[in-house]
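Have a look at the structure below, then the notes.
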Ligand SMILES: [Zn+2]
Ligand SMILES: [Zn+2]
C-alpha cells in the first residue's frame with residue numbers, strides 16, 4: 053500500500069523519495085519525476101544565485117546559504133526511485 057504524493061503537485065505516480073538528515077532528524081521529501089527535474093533546473097541559492105548545474109560543474113558552493121537553499125540536491129542521504 054503506497055499513498056505517498058509529490059510534495060509540490062500531489063501527483064502520486066513516478067515518485068522519487070529523498071531522505072535527508074537535518075538538525076531535527078530525518079526528513080523525507082517526495083517529488084514526482086517531473087517536479088524533481090524541474091526543481092533541479094530552477095533551484096537557486098537566494099543569496100549568491102548558484103544553481104545545481106553550477107555546483108555540479110565546479111563542485112563548489114558559492115556561500116553558506118547554498119547549503120540551505122540547495123540542500124535537497126547537495127546533501128541527500130538516500131534517493132530512492134520508486135519502482136514502476
Ligand atoms: Zn510533482
Ligand atoms: Zn549561495
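Numbering (the working numbering), first residue to last: 53 to 136. C-beta atoms are modelled at their ideal positions from N, C-alpha and C, and glycine is treated no differently.
Counted as a single uninterrupted DSSP element, the alpha helix (DSSP H) harbouring residue 108 occupies residues 104 to 110. Summarising the contact set, residues whose Cβ lies nearer than 5 Å to any heavy atom of ligand 1 are, in chain order, 58, 60, 61, 63, 84, 87. Residue 104 sits away from residue 83, with the two beta carbons spaced by 8 Å or more.
For the set 130, 125, 129, the Cα lying nearest the Cα of residue 89 is the one of 125.
Taking the CA atoms as reference points, residue 99 sits about 24 Å from residue 70.
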